[in-house]
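**Q** These protein sequence lines map, in sequence, to chains A and B. Residue 115 in our numbering sits at position 115 of the first sequence, and the numbers go up by one each step. To get our numbering, take the position in the second sequence, counting from 1, and add 115.
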Amino acid sequence: AQSVTQLGSHVSVSEGALVLLRCNYSSSVPPYLFWYVQYPNQGLQLLLKYTSAATLVKGINGFEAEFKKSETSFHLTKPSAHMRDAAEYFCAVSDLGSSASKIIFGSGTRLSIRP
Amino acid sequence: DGGITQSPKYLFRKEGQNVTLSCEQNLNHDAMYWYRQDPGQGLRLIYYSQIVNDFQKGDIAEGYSVSREKKESFPLTVTSAQKNPTAFYLCATKTSGTGTDTQYFGPGTRLTVL
Chain A
1 AQSVTQLGSH VSVSEGALVL LRCNYSSSVP PYLFWYVQYP NQGLQLLLKY
51 TSAATLVKGI NGFEAEFKKS ETSFHLTKPS AHMRDAAEYF CAVSDLGSSA
101 SKIIFGSGTR LSIRP
Chain B
116 DGGITQSPKY LFRKEGQNVT LSCEQNLNHD AMYWYRQDPG QGLRLIYYSQ
166 IVNDFQKGDI AEGYSVSREK KESFPLTVTS AQKNPTAFYL CATKTSGTGT
216 DTQYFGPGTR LTVL
């Protein structure tokens, strides 16, 4: 079975600083990986996804993530944080073992931005 | 205007009452999903449906029921058998097919049981 682990339930950075949100996955087959963002009391919005093409994936709002098979990681980064980036971020892996193509979500990382 | 509609946004019910949460989509997606979100626990899958008149239990189906009579609609009923129903409920859709497909989420319904 596939799983995903997000390291750090809460990350706080200063405005303008590098954002790094960590995600490690477990999968016996090549995974499809996703990062979603959730603003308070809203649904989830896709930031980016990896589907076995380029290992460096660029998403919306200046975020990007790099797939590293050797480290089973898919960390999310942004060079310079903005106040509007404050939200909860979820890493997810597609459950290819299921015919329904379910998505398995991590427990989330809350990102706070200090002025 | 394409998208997923969940209503109501906030819902209050007394303990022991059944309540139905609405999810409607006009994206023409075949697959629909219901998730429950609790603080610090991420999203947990309740039920999903890949096609009209068919649905499967997810990881936490006990105390919930669904129907899929139309492609556009996937209502979720929270029954009195659900021990701790207060949570944020999210509906999602996806085109059927491979695992590369993205799930699209509605705005959610926050249910509070008093």
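Quick reminder that beta carbons are idealized off the backbone N, C-alpha and C, glycines included.
Counting only Cβ-Cβ distances shorter than 9 angstroms, please list the residues of the region 204 to 229 of chain B near chain A, keeping chain order.
**A** For the region 204 to 229 of chain B, which is checked against every Cβ of chain A, the residues closer than 9 angstroms are L205, C206, A207, K209, S211, G212, T213, G214, T215, D216, T217, Q218, Y219, F220, G221, P222, G223 and R225.
**Q** Does the distance from the CB of A92(A) to the CB of F74(A) come in under 7 angstroms?
**A** For the purposes of this step, residue 92(A) is taken as the residue at position 92 of the first sequence. For the purposes of this step, residue 74(A) is taken as the residue at position 74 of the first sequence. Going by C-beta atoms, A92(A) is not nearer than 7 angstroms to F74(A).
**Q** Do you know whose CA, among E177(B), Y162(B), E130(B) and V228(B), lies nearest A87(B)'s CA?
**A** In the structure displayed, chain B extends from 116 to 229; residue 87(B) sits before or after that span and is not available.
**Q** Going by DSSP, what residue range makes up the beta strand (DSSP E) through M147(B)?
**A** As a first step, residue 147(B) is located in the second sequence; it is residue number 32 there, counting from the start. First-last of the beta strand (DSSP E) with M147(B): A146 to Q152.
**Q** Can you look up D85(A) in the DSSP assignment and give me helix, strand or coil?
**A** Locating residue 85(A) in the first sequence gives position 85, counting from the first residue. Helix, per DSSP.
**Q** If you follow the beta strand (DSSP E) that E139(B) is in, where does it begin and where does it stop?
**A** The residue given as residue 139(B) occupies position 24 in the second sequence. Unbroken beta strand (DSSP E) run through E139(B): V134 to Q140.
**Q** For Y148(B), tell me which candidate among L226(B), A196(B) and Q121(B) has the shortest Cα-Cα distance.
**A** Translated into the one-based positions of the second sequence, residue 148(B) becomes position 33. Of the listed residues, the one whose Cα sits closest to Y148(B) is Q121(B).
**Q** Compare the C-alpha of S14(A) against each of A86(A), I103(A), D95(A) and S107(A) and name the closest.
**A** Here residue 14(A) is taken as the residue at index 14 of the first sequence, counted from 1. Comparing Cα-Cα distances from S14(A) to each of A86(A), I103(A), D95(A) and S107(A), the minimum goes to A86(A).
**Q** Which first and last residues belong to the beta strand (DSSP E) in which K102(A) is found?
**A** Taking the first residue of the first sequence as position 1, residue 102(A) is located at position 102. K102 to F105 is the extent of the beta strand (DSSP E) around K102(A).
**Q** Can you find a C-beta in chain B that's less than 7 angstroms from the C-beta of Q42(A)?
**A** Counted from its first residue, the first sequence places residue 42(A) at position 42. So yes, Q42(A) belongs to the interface.
**Q** Extract the residue ranges of the alpha helix (DSSP H) inside the region 12 to 77 of chain A, only unbroken runs of 4 or more that lie entirely within it.
**A** If we require 4 residues or more, the region 12 to 77 of chain A turns out to have no alpha helix (DSSP H) run fully inside it.
**Q** Specify the secondary structure class of L191(B) as computed by DSSP and reduced to three states.
**A** Walking along the second sequence from the start, residue 191(B) turns up at place 76. Strand.
**Q** May I have the straight-line CA-CA distance separating I119(B) from G178(B), to the nearest angstrom?
**A** Stepping through the second sequence from its first residue, residue 119(B) is reached at position 4. Stepping through the second sequence from its first residue, residue 178(B) is reached at position 63. Those two C-alpha atoms are separated by around 24 angstroms.
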